[in-house]
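Have a look at the structure below, then the notes.
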Amino acid sequence: MKNRKIERLRSLLNQNELGGIVLSNSDNVFYTSGYNNVMDGWQLPEPMSAVFVPADSTKPIVLCIPEASLIGIIVSEREGHPIHYDKISTFDLLNFCQTARAHDAYMQLSEDISSRLKEISTDIIGECQNNLVLSLEQVIDTYSSQKPILFDDMRIAYRLSQKIDFNFEDGFELVIEARSVKTPEEIDLFRESGKKADRVMAHTVKQLGVGAKWCNIEKSVAHFMIDEGIDPLPTSPMLFGGSYDLAFRPDLFRTHFDSPFQEGQIAILETQGRYKNIWLDINRTAYIGPPPKEYIEQHEIVKKCFLDVVNKLKPGNNSSEICAQAKEEISCSLDAPEKLLMIVHSIGHVPLESPKIFPSTGLDSALEGFEIKENMILSFDCLYFGSKLGPSHMENVFVISKNNSSSIYQYPLDLIEVQ
């Protein structure tokens, strides 16, 4: 089967007359190769792996990993997640690999594992190096061309430039551009994750009620996520959550850990976590007890703004312009129209990434927006922060097709009324 991700990446490299790209950000390594080190979840300041993708398709894609992680390739294959590479360059990770190499008279690998390890070893180039930078040095020495090489981490490029003479440039924008358009396999996986998110939201709503404590709700949601094969957001499965007390607080609407819900409170439900390396990002609003007519009307206005933008999530449109149009035409009915935040803010794998020039999280980026393209996966937030009646929030993730878009989440946008 063709690796469409590599084909797209190489096409962009050749269009820009580049020699290749070195990716060491864990999301980018996973994107190109499927390799995911268990330590990536620790959010370490230094990369634990890298991939070199040459623009020339006759040259090999080289995966740089700790020598002790070779067995991880087999583990991943057995779990149905093969690692894609042509060659491997190994390095020592602290003294872990040294310990792994130590003789153990009692260890006996099964015949199939032993055989597969021998096969993998034939793909290894050179000797095991002392660190990742030296591992990449032997890769570039062996397979680079005279054309510039891109890096998604300029620390790596700088260290290498102190050892060998080559031309390098920042590759952050190019890899984001490549990742922003999804393959059919990726889209299928996103749709699968959407079904998981719907189940999580349904479970979350069942936990709400007068007297329920937010801490207990969070624990229940986290447990449910884990049972569903989802890794919850590290600090909490609920990014936004809890009751609103008429002020936008830095802790993002968190209810105090021992405060039970009371009738008349509003709960913002934004469940987040990772399912097969894809972020779940669904947001709904719940009202504890019977909501007043005015609040129901407000929520419907926000929903109308949301749906207006969704109808314009089409290839060729600008992400910022379609939000501005909805605000201008519909939000004037709200108590504080300027407190309505609408933004298309992600291309699918983490909450805040955008196919814009770095830094892409500033005001200019939000105002300028970006061109929507077919096969993008986009998150759209519609968040009203008005204080008179309280907030109304909703968010979905969308697959962009040739003429329109479709949400990967099916949980209703209507106000959730908790009796």
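The sequence shown begins at 1 in UniProt numbering and counts up by one. A virtual CB, placed ideally from N, CA and C, is assigned to each residue, including glycine. Bear in mind the structure is a predicted one, so any value in this text is a computation, not a measurement.
Limits of the beta strand (DSSP E) - the one that residue i falls within
i: MET394; result: 392-400
i: THR122; result: Careful: THR122 lies outside any beta strand (DSSP E) and carries neither H nor E.
i: ILE330; result: Per DSSP, ILE330 belongs to no beta strand (DSSP E) and is neither H nor E.
i: TYR287; result: 278-288
i: ILE347; result: Looking at the DSSP string, ILE347 is not in any beta strand (DSSP E), and its letter there is neither H nor E.
i: ASP381; result: 377-384
i: TYR275; result: 266-275
i: GLU368; result: Segment 363-368 is the alpha helix (DSSP H) holding GLU368; no beta strand (DSSP E) there.
i: LEU413; result: That residue, LEU413, is in no beta strand (DSSP E); it is neither H nor E in DSSP.
i: LEU150; result: 149-151
i: SER406; result: 405-407
Same chain only: Cβ atoms within 8 angstroms of residue i, ignoring 5 sequence neighbours per side
i: GLU374; result: VAL181, PRO315, ILE400, SER401, LYS402
i: SER76; result: GLY34, TYR35, ASN36, PRO82, ILE83
i: GLU137; result: GLN129, LEU160, LYS163, ILE164
i: LYS304; result: ILE330
Delimiting residues of the alpha helix (DSSP H) encompassing residue i
i: VAL210; result: From DSSP, VAL210 is part of no alpha helix (DSSP H); its letter is neither H nor E.
i: VAL133; result: 132-143
i: ALA100; result: 96-101
i: SER110; result: Taken as a continuous stretch (DSSP letters only), SER110 belongs to no alpha helix (DSSP H), as it is neither H nor E.
i: PHE306; result: 293-310
Cβ-based neighbour list, residue i, same chain, cut-off 6 angstroms, excluding 5 preceding and 5 following
i: VAL51; result: LEU23, VAL29, THR32, SER33, LEU63
i: SER26; result: ASP40
i: LYS59; result: TYR143
i: LEU93; result: PRO66
i: SER135; result: CYS64, SER89, PHE91, GLN129
i: SER354; result: SER360
i: TYR411; result: ASP198, MET201
i: PRO337; result: SER331
Close beta carbons around residue i, own chain, < 7 angstroms, minus the five adjacent residues each side
i: SER320; result: ALA366, LEU367, GLU368, GLY369
i: ILE357; result: GLU173
i: ARG249; result: Any reading at ARG249 must be qualified, since the residue scores a pLDDT of 46, below 50, and its modelled position is unreliable; no value is offered.
i: HIS299; result: THR285, SER392, LEU415
i: ARG116; result: ILE74
i: MET1; result: Note that MET1 scores 44 on pLDDT, short of 50, meaning its location in the model is unreliable; the coordinates nonetheless yield the value given after this. Result list for MET1: empty, nothing under 7 angstroms.
i: residue 430; result: Because the chain spans 1 through 419 in this model, residue 430 falls outside it and cannot be assessed.
i: PHE306; result: CYS382, MET394, LEU413
Supposed close pair residue i, residue j - CB separation, criterion 8 angstroms
i: PRO260; j: GLY211; result: 5 angstroms
i: VAL418; j: ILE266; result: Contact flag wrong, Cβ pair sits at about 10 angstroms.
i: GLU169; j: LEU150; result: 5 angstroms
i: ASN272; j: LEU233; result: In the sequence under discussion, the amino acid at residue 272 is Gln, which differs from the Asn named in the question. With a Cβ gap of about 4 angstroms, GLN272 and LEU233 count as contacting.
i: SER379; j: GLU395; result: 7 angstroms
i: residue 440; j: VAL133; result: Only positions 1 to 419 of the chain appear in this structure, which leaves residue 440 out of reach.
i: LEU70; j: ILE120; result: 6 angstroms
i: ASP381; j: LEU340; result: Actually they do not touch by this definition, with Cβ atoms about 11 angstroms apart.
i: ILE322; j: VAL309; result: 5 angstroms
i: LEU12; j: GLU177; result: 6 angstroms
i: ASN131; j: PHE91; result: 6 angstroms
i: GLU228; j: VAL200; result: 7 angstroms
i: ILE278; j: HIS349; result: 6 angstroms
i: ARG4; j: VAL53; result: So it is not a contact: roughly 13 angstroms between Cβ atoms.
i: GLY171; j: ILE296; result: GLY171 to ILE296, Cβ: 49 angstroms. No contact.
i: LYS213; j: LEU280; result: At roughly 23 angstroms, the Cβ-Cβ gap does not stay under 8 angstroms, so LYS213 and LEU280 are not in contact.
i: LYS147; j: GLU7; result: Not confirmed; about 19 angstroms, so no contact.
Tell me the start and end of each unbroken beta strand (DSSP E) in the stretch 157-242 that is at least 3 residues and wholly inside, in chain order.
168-170
For the stretch 6-92, which segments carrying the beta strand (DSSP E) assignment without a break, of at least 3 residues, lie completely within its bounds, in sequence order?
20-23, 50-54, 62-66, 87-91
State whether the stretch 76-91 contacts the stretch 131-146, with contact taken as three or more CB pairs (one from each stretch) at a distance under 8 angstroms.
yes
Below 8 angstroms, how does it come out for the stretch 326-337 and the stretch 354-362: are there three or more Cβ pairs, yes or no?
no
Would you call the stretch 275-290 in contact with the stretch 384-399, where contact means no fewer than 3 C-beta pairs closer than 8 angstroms?
yes
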